[in-house]
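J.: Quick one: the structure is below, questions incoming.
Here's what the structure looks like:
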(Lines of atoms letter the chains of each structure in order from A and count residues from 1; the text may use other names and numbers.)
(Lines give C-alpha, C1' and ligand atoms only; values in the text may rest on other atoms or scores of the structure.)
Protein backbone atom coordinates (compact mmCIF):
# COMPACT_ATOMS: atom_id res chain seq x y z
CA UNK A 1 0.00 0.00 0.00
CA UNK A 2 1.26 3.47 -0.80
CA UNK A 3 1.83 6.06 1.89
CA UNK A 4 -0.65 8.91 2.31
CA UNK A 5 0.71 12.13 0.80
CA UNK A 6 -1.19 14.62 2.96
CA UNK A 7 0.97 17.34 4.52
CA UNK A 8 -0.01 19.86 7.18
CA UNK A 9 1.56 22.48 9.40
CA UNK A 10 2.04 21.65 13.07
CA UNK A 11 0.99 24.41 15.49
CA UNK A 12 4.30 25.02 17.29
CA UNK A 13 2.69 26.14 20.56
CA UNK A 14 0.62 22.94 20.83
CA UNK A 15 3.55 20.69 19.90
CA UNK A 16 5.99 22.42 22.26
CA UNK A 17 3.52 22.25 25.15
CA UNK A 18 3.00 18.53 24.51
CA UNK A 19 6.77 17.90 24.31
CA UNK A 20 7.45 19.78 27.56
CA UNK A 21 4.78 17.83 29.44
CA UNK A 22 5.51 14.45 27.80
CA UNK A 23 6.43 11.71 30.27
CA UNK A 24 9.88 10.50 29.22
CA UNK A 25 10.08 13.23 26.59
CA UNK A 26 13.21 14.83 25.16
CA UNK A 27 15.56 16.86 27.36
CA UNK A 28 15.46 19.74 24.86
CA UNK A 29 11.93 19.84 23.42
CA UNK A 30 12.70 22.73 21.07
CA UNK A 31 15.35 20.60 19.30
CA UNK A 32 12.66 18.13 18.17
CA UNK A 33 10.68 20.71 16.24
CA UNK A 34 11.94 21.64 12.81
CA UNK A 35 12.12 25.33 11.91
CA UNK A 36 9.63 24.56 9.13
CA UNK A 37 6.99 22.63 11.11
CA UNK A 38 5.28 20.58 8.41
CA UNK A 39 4.55 16.88 8.74
CA UNK A 40 3.61 14.17 6.28
CA UNK A 41 0.99 11.58 7.17
CA UNK A 42 2.85 8.32 7.80
CA UNK A 43 -0.10 6.00 7.32
CA UNK A 44 -1.16 4.23 4.15
CA UNK A 45 -3.57 5.98 1.78
CA UNK A 46 -6.93 6.24 3.53
CA UNK A 47 -10.36 7.79 3.33
CA UNK A 48 -11.51 11.05 4.94
CA UNK A 49 -12.97 9.22 7.97
CA UNK A 50 -9.50 8.14 9.11
CA UNK A 51 -7.31 10.71 10.88
CA UNK A 52 -3.91 11.51 9.41
CA UNK A 53 -0.99 10.80 11.76
CA UNK A 54 2.65 11.84 12.06
CA UNK A 55 5.19 10.92 14.72
CA UNK A 56 6.53 14.04 16.43
CA UNK A 57 8.86 12.39 18.95
CA UNK A 58 9.57 8.98 20.40
CA UNK A 59 10.09 8.96 24.16
CA UNK A 60 13.69 9.14 25.33
CA UNK A 61 13.00 6.13 27.55
CA UNK A 62 12.54 2.89 25.55
CA UNK A 63 9.03 1.45 25.32
CA UNK A 64 7.35 4.64 26.56
CA UNK A 65 4.49 6.10 24.49
CA UNK A 66 5.50 8.38 21.63
CA UNK A 67 4.15 11.82 20.81
CA UNK A 68 1.93 11.82 17.70
CA UNK A 69 0.20 14.59 15.79
CA UNK A 70 -3.25 13.61 14.47
CA UNK A 71 -5.38 15.74 12.16
CA UNK A 72 -8.37 15.63 9.88
CA UNK A 73 -9.80 18.12 7.45
CA UNK A 74 -7.87 20.98 5.98
CA UNK A 75 -7.61 24.76 5.99
CA UNK A 76 -9.95 26.41 8.47
CA UNK A 77 -11.84 23.10 8.88
CA UNK A 78 -8.76 21.25 10.14
CA UNK A 79 -9.08 19.64 13.55
CA UNK A 80 -5.94 18.37 15.29
CA UNK A 81 -4.66 16.83 18.50
CA UNK A 82 -1.21 16.19 19.91
CA UNK A 83 -1.12 13.15 22.19
CA UNK A 84 1.15 10.44 23.52
CA UNK A 85 0.15 7.01 22.29
CA UNK A 86 1.71 3.59 22.96
CA UNK A 87 3.58 1.89 20.13
CA UNK A 88 1.91 -0.85 18.13
CA UNK A 89 3.01 -4.17 19.68
CA UNK A 90 3.18 -6.02 16.31
CA UNK A 91 6.51 -7.51 15.31
CA UNK A 92 7.58 -8.87 11.92
CA UNK A 93 10.11 -11.67 12.25
CA UNK A 94 12.03 -13.09 9.32
CA UNK A 95 13.31 -16.43 10.52
CA UNK A 96 15.55 -17.02 7.50
CA UNK A 97 17.64 -13.95 8.35
CA UNK A 98 16.84 -13.75 12.07
CA UNK A 99 15.74 -10.13 11.63
CA UNK A 100 13.08 -8.33 13.67
CA UNK A 101 11.09 -5.26 12.70
CA UNK A 102 8.59 -3.64 15.04
CA UNK A 103 5.66 -1.73 13.65
CA UNK A 104 6.52 1.98 13.64
CA UNK A 105 2.90 3.06 14.09
CA UNK A 106 0.82 3.66 17.18
CA UNK A 107 -1.21 1.03 19.00
CA UNK A 108 -4.74 0.38 17.73
CA UNK A 109 -4.14 2.00 14.36
CA UNK A 110 -6.79 0.77 11.94
CA UNK A 111 -4.29 0.60 9.08
CA UNK A 112 -1.92 -2.23 8.16
CA UNK A 113 1.40 -2.19 9.98
CA UNK A 114 4.26 0.10 8.94
CA UNK A 115 6.07 -2.59 6.95
CA UNK A 116 3.04 -2.77 4.63
CA UNK A 117 3.27 0.92 3.70
CA UNK A 118 5.62 1.90 0.90
CA UNK A 119 6.90 5.35 0.10
CA UNK A 120 8.35 5.29 -3.42
CA UNK A 121 9.77 8.82 -3.15
CA UNK A 122 11.38 8.08 0.22
CA UNK A 123 12.82 4.85 -1.16
CA UNK A 124 14.24 6.72 -4.14
CA UNK A 125 15.83 9.36 -1.90
CA UNK A 126 17.23 6.76 0.52
CA UNK A 127 18.81 4.76 -2.29
CA UNK A 128 19.35 1.03 -2.35
CA UNK A 129 19.95 -0.85 0.88
CA UNK A 130 23.47 -2.19 0.69
CA UNK A 131 23.73 -4.65 3.56
CA UNK A 132 22.60 -5.75 6.99
CA UNK A 133 19.37 -6.82 8.58
CA UNK A 134 16.80 -4.39 9.85
CA UNK A 135 16.64 -4.58 13.64
CA UNK A 136 14.67 -1.44 14.46
CA UNK A 137 13.02 1.34 12.54
CA UNK A 138 14.84 4.47 11.43
CA UNK A 139 13.11 6.79 13.92
CA UNK A 140 14.35 5.45 17.22
CA UNK A 141 11.69 2.83 17.91
CA UNK A 142 12.90 0.62 20.78
CA UNK A 143 13.75 -2.96 19.94
CA UNK A 144 11.76 -5.80 21.58
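In the numbering used here, the protein residues as written are 4 to 147. Glycine is no exception: its CB is placed at the ideal position from the N, C-alpha and C atoms. These numbers were taken from a predicted model, which means no experiment stands behind them.
Report the rounded CA-to-CA distance for residue 75 versus residue 105, giving the unit in angstroms.
T.: C-alpha separation (whole angstroms): 26 Å.
J.: Smallest Cα separation from residue 118: which of 10, 103 and 51?
T.: Per the Cα distances, 103.
J.: Between which two residues does the beta strand (DSSP E) containing residue 57 stretch?
T.: Taken as a continuous stretch (DSSP letters only), the beta strand (DSSP E) holding residue 57 covers 55-60.
J.: Are the region 19-27 and the region 81-98 touching, with three or more C-beta to C-beta distances below 8 Å?
T.: Yes, since at least three Cβ pairs between the region 19-27 and the region 81-98 fall closer than 8 Å, the two stretches touch.
J.: Let me know the secondary structure DSSP gives residue 136 once reduced to three states.
T.: Note that residue 136 has pLDDT 48, beneath the 50 cutoff, so the model's placement of it is unreliable and no number is given.
J.: When the Cα atoms are used, what is the spatial distance from residue 81 to residue 34?
T.: Roughly 26 Å separates the two Cα atoms.
J.: Going by DSSP in three states, residue 46 sits in which element: helix, strand or coil?
T.: In the structure shown, residue 46 sits in coil (DSSP, three-state: anything other than H, G, I, E or B).
J.: Do the region 57-77 and the region 24-43 meet, that is, are 3 or more Cβ pairs less than 8 Å apart?
T.: Judged by Cβ distances under 8 Å, the region 57-77 makes contact with the region 24-43, as three or more pairs qualify.
J.: Could you round the C-beta distance between residue 13 and residue 72 to whole angstroms and report it? I think they count as a contact, below 8 Å.
T.: Contact holds; Cβ gap of about 6 Å.
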